[in-house]
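Numbering (the numbering used here), first residue to last: 804 to 921.
Below, the structure written as structure tokens:
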């Protein structure tokens, strides 16, 4: 996961070599940074890659959010339960398919149904 995330190129979205362009506006950029800051403050979080945007250099001039991966997460985290709409991934371990379905449905976005059979 880290290797693939590190390989992503941030930059001008008109450049075909770019994988991730800038965030659409300052409001969304600030929201994404807030989620990343929250993850960095957690004692039970493990930052795999990324973090806050650079303070200097060419990517500090725009709304460029660094692809960020947190691991050893819990489904109770706000970062795991809300849609961030930015390059932030929260990895959660699961025991089996039923556990994964339960976690996916355990939010206001889920169906709250634990059984998918008709």
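For glycine and all other residues, C-beta sits at the position ideal for the given N, C-alpha and C.
Judged by DSSP secondary structure, residue 882 falls outside any beta strand (DSSP E) and instead within the alpha helix (DSSP H) spanning 881-884.
Here residue 895 has 876, 877, 878, 883 and 906 as same chain residues with Cβ atoms under 8 Å from its own Cβ, once five neighbours each way along the sequence are excluded. Proximity to residue 805 across 845, 893, 843 and 909 peaks at 893, based on C-alpha coordinates. For residue 860, the closest C-alpha among the options 809, 808 and 813 is that of 813. Annotated three-state conformation of residue 892 is strand, per DSSP. Counting every other CB atom within 10 Å of its CB across the protein chains shown gives residue 820 a total below 16, marking it as exposed.
Per DSSP, residue 850 lies in no alpha helix (DSSP H) segment; the continuous beta strand (DSSP E) that holds it begins and ends at 849-852.
Distance from the Cα of residue 837 is smallest, within the candidate group 903, 901, 902 and 871, for 871. When beta bridges are read from the DSSP output, residue 871 appears opposite 891.
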